[in-house]
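Numbering (the numbering used here), first residue to last: 26 to 223.
If you want it as structure tokens, here you go:
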């Protein structure tokens, strides 16, 4: 399978980076073709220009590379921290610029965008790994777990991808080395289950 792995965290010693390294390693060991992108390391520009917005075309070669890869991906893995109940701005910009009309979704002829979208992504599975410093009970019962809605309903379902697995690791700031090791083992198991050996 072709699997796109997208990481959105600025600190290269973060637990998000550890998750990404484990995910890529397991995928490659299992014979998958991996396209890995560390958005901060690549200095991905999250700002969509007026021209790009109205034309649905980009003159940014990095954005075009992401668009081409995401169209060919059989699976997508997103890794990022929970910042204010949202992805970091760089990842939101990635969604705006890459998961665009005629790349990730379209509308019926004559529909100017007010109807139901038709998903174009060929990917059959999406996996989202998040980290948070909010206790799980507070995240679920006070905030309503907005990242669940963002990724499953607002992004992936919109683009035609209905099989989405999401795991939030928390509280990272107070976690022990043993807890992090267990979380990485769980990460590996999720990857193996969702992307079996080729």
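Beta carbons are placed, not taken as given, at the ideal position from N, Cα and C, and that holds for glycine.
- Of the candidates 34, 142 and 30, 30 places its Cα closest to the Cα of residue 52.
- Look at residue 59 here: in three-state DSSP terms it is strand.
- The DSSP assignment places 161–166 as complete runs of the alpha helix (DSSP H) inside the region 140–199, in order along the chain (cut-off: 4 residues).
- Per DSSP, residue 28 is one residue of the beta strand (DSSP E) stretching across 27–32.
- Secondary structure at residue 111: strand, using DSSP grouped into helix, strand and coil.
- Taking a cut-off of 8 Å for Cβ pairs, the region 188–200 and the region 151–164 touch, as three or more such pairs fall below it.
- The C-alpha of residue 41 lies about 36 Å from the C-alpha of residue 139.
- Rounded to whole angstroms, the gap between the alpha carbons of residue 127 and residue 203 is 45 Å.
- For residue 86, the secondary structure class from DSSP, reduced to helix, strand or coil, is helix.
- Residue 120 and residue 207 have their C-alpha atoms spaced approximately 30 Å apart.
- For residue 51, no beta strand (DSSP E) encloses it; the enclosing alpha helix (DSSP H) starts and ends at 40–54.
- Residue 55 and residue 213 have their C-alpha atoms roughly 11 Å apart.
- Taking a cut-off of 8 Å for Cβ pairs, the region 141–150 and the region 90–100 touch, as three or more such pairs fall below it.
- When DSSP states are grouped into helix, strand and coil, residue 118 belongs to the helix group.
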